[in-house]
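All residue numbers for the sequence shown refer to this note's numbering, where the first residue is 313 and numbers rise by one. We put the CB at the ideal spot given by N, CA and C, even for glycine. What you are looking at is a predicted structure, and each value in this text was computed from that prediction instead of being measured. The block underneath contains the structure these notes are about, expressed in structure tokens.
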Amino acid sequence: MTTPPPPPPPPTLQVELVPVASGFSNPLDIQQAGDASGRLFVVEQGGKIQIIQNGSVLGTPYLDVSSLIVSNGEEGLLGLAFHPSYSTNGCFYVNYTTTRLNGTLQTAISEFRAATANANTVNTTSEHILFTVDQPASNHNGGGLAFGKDGDLYIALGDGGGAGDTFQNGQNKNTLLGKILRIRVNCDGTFSVPSDNPFVGQPNTRSEIWLYGLRNPFRFSFDSVSGNLWAGDVGQDKFEEVDRLTPPEKGANLGWNIMEGTHCFNPPTNCPTAGLTMPIFDYDHSQGDATVIGGYVYHGTNITALAGNYVFGDFISGRIWSLAQNGQGQWVRTFLVNTGGGDLAGFGQDANGELYVARYSSGAVARLHQVGTP
Ligand SMILES: [Ca+2]
Ligand SMILES: [Ca+2]
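Here is the structure:
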């Protein structure tokens with residue numbers, strides 16, 4: 313009688329970055345159009361959107377707004393979202409900074425329209441600017457755009473800039489800065505404010521506001537299954553935070569600049585926390601991390617261990633982690649892989665739920681992949 317071999321050790325999740333395409337200039341976002349075309353749209357900070365199709369970068373940009381925008385530091389073409397009915401209406405939305413409209417720095421939220429949904433180039437003359445917001449400083453412009461499961465467009469704007477909320481916008485509900493907004497777009501250059509937005513009809517507030525008290529929500533997303541909103545809100549000098557809001561939590565005050573993460577900021581001790589919605593997770597700068605990059609809840613099939621986990625990272629360190637609740641309900645962060653410092657500017661999710669990273673300084677797009685799987 314032979315002794316059976318010992319069982320193999322439990323598998324350890326090993327995640328690698330598989331190159332998908334390269335040759336981009338400061339890519340910072342990756343989107344897909346929900347049109348079953350398999351195309352990935354790569355947003356370059358300087359103003360071009362490039363298409364990856366069947367593993368190759370098409371020779372002509374999908375859209376080129378380089379001449380319409382300003383791009384420098386935290387400025388540029390910062391976000392892209394395709395209309396939920398893009399395959400029939402061709403409408404998509406971008407968030408960029410510009411000085412061309414009134415000579416001073418503004419954020420513009422613009423609609424563009426492809427002549428046909430399968431077009432691989434879009435003319436800039438199809439632009440309709442939905443609205444602009446004056447930017448008092450060059451930094452903290454936010455940038456993300458995303459459609460919720462409700463079909464409405466959500467827009468992330470930072471506190472305007474400076475440091476420590478110089479312009480006191482986070483808690484000021486009479487400005488769009490330092491907020492996540494919700495509007496209803498019509499794909500004809502117009503939009504409306506949904507009547508169930510939280511501050512509709514309240515004096516001295518902006519009805520477009522969905523969430524307030526944010527510092528610089530550069531990246532946010534919706535869980536494609538639950539509809540929860542996940543945001544990475546970039547901190548000041550000490551703490552980075554991850555926020556998760558369920559759809560009913562409209563009108564929540566996420567705390568800035570009373571708090572930075574779960575810590576008092578202004579005042580620095582004994583700050584008034586009543587009514588504030590805390591991040592589900594925050595982390596300090598002691599390990600070289602200093603700019604959170606919001607990602608996506610994983611619903612792909614390649615990395616089975618990450619099912620339902622939130623995947624996010626940090627621009628400064630390049631680290632990418634997963635975040636999930638343990639059996640006691642505590643949020644636990646697990647390191648997955650590192651892009652290298654200054655190289656992680658955004659995540660993308662394809663039609664199958666697989667995740668990609670926009671590698672800012674190396675000008676590449678890579679896919680998160682479990683080592684040892686096809
Ligand atoms: Ca700004
Ligand atoms: Ca907060």
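Cβ pair residue i, residue j closer than 8 Å
i: ALA427; j: GLY402; result: yes
i: PHE532; j: ILE492; result: yes
i: PRO339; j: TYR608; result: no
i: LEU442; j: GLY454; result: no
i: GLY544; j: GLY630; result: no
i: LEU457; j: ASP471; result: no
i: GLY539; j: PRO559; result: yes
i: ILE364; j: ALA333; result: yes
i: ALA429; j: SER399; result: yes
i: VAL669; j: LEU389; result: no
i: ASN486; j: ARG518; result: yes
i: GLY660; j: ILE342; result: yes
i: VAL537; j: HIS611; result: yes
i: PRO448; j: GLY476; result: no
i: ILE632; j: VAL604; result: no
i: ILE615; j: LEU680; result: yes
i: GLN344; j: ASP662; result: yes
i: PHE534; j: LEU523; result: no
i: VAL327; j: GLN682; result: yes
Rounded separation between residue i and residue j - CA only
i: THR613; j: ILE521; result: 35 Å
i: THR581; j: PRO515; result: 31 Å
i: ASN432; j: TYR374; result: 5 Å
i: LEU277; j: ARG645; result: The shown model of the chain, from 313 to 686, leaves out residue 277, and the question about it has no answer.
i: GLU561; j: THR574; result: 18 Å
i: GLN548; j: GLY600; result: 14 Å
i: ALA393; j: PHE459; result: 7 Å
i: PRO331; j: ASN509; result: 41 Å
i: HIS395; j: GLU572; result: 33 Å
i: PRO584; j: ASN565; result: 12 Å
i: THR409; j: HIS452; result: 11 Å
i: PRO529; j: ALA348; result: 29 Å
i: ASN621; j: LYS461; result: 19 Å
i: ASP446; j: PHE479; result: 12 Å
Endpoints, the beta strand (DSSP E) within which residue i is located
i: THR400; result: Not the beta strand (DSSP E): THR400 falls in the alpha helix (DSSP H), residues 398-401.
i: TRP633; result: 631-637
i: VAL669; result: 667-671
i: TYR608; result: 604-609
i: LYS360; result: 360-365
i: ALA657; result: 656-661
i: ALA449; result: Counting along the chain, ALA449 falls outside any beta strand (DSSP E), and DSSP gives it neither H nor E.
i: THR419; result: 418-425
i: LYS491; result: 491-497
i: GLU553; result: 551-557
i: ALA429; result: Counting along the chain, ALA429 falls outside any beta strand (DSSP E), and DSSP gives it neither H nor E.
i: ASP341; result: 339-343
Whole-angstrom C-beta distance between residue j and residue i, which should lie under 8 Å
i: VAL406; j: GLY391; result: 7 Å
i: ARG527; j: VAL505; result: That belief does not hold up - the Cβ atoms of ARG527 and VAL505 are roughly 24 Å apart, past 8 Å.
i: LEU417; j: SER368; result: About 36 Å separates the two Cβ atoms, so there is no contact after all.
i: GLY563; j: PHE503; result: Incorrect: roughly 20 Å between the Cβ atoms, too far for contact.
Checklist line | Under 5 Å, CB to nearest heavy atom of ligand 2: contacting residues | finding: LEU566, GLY567
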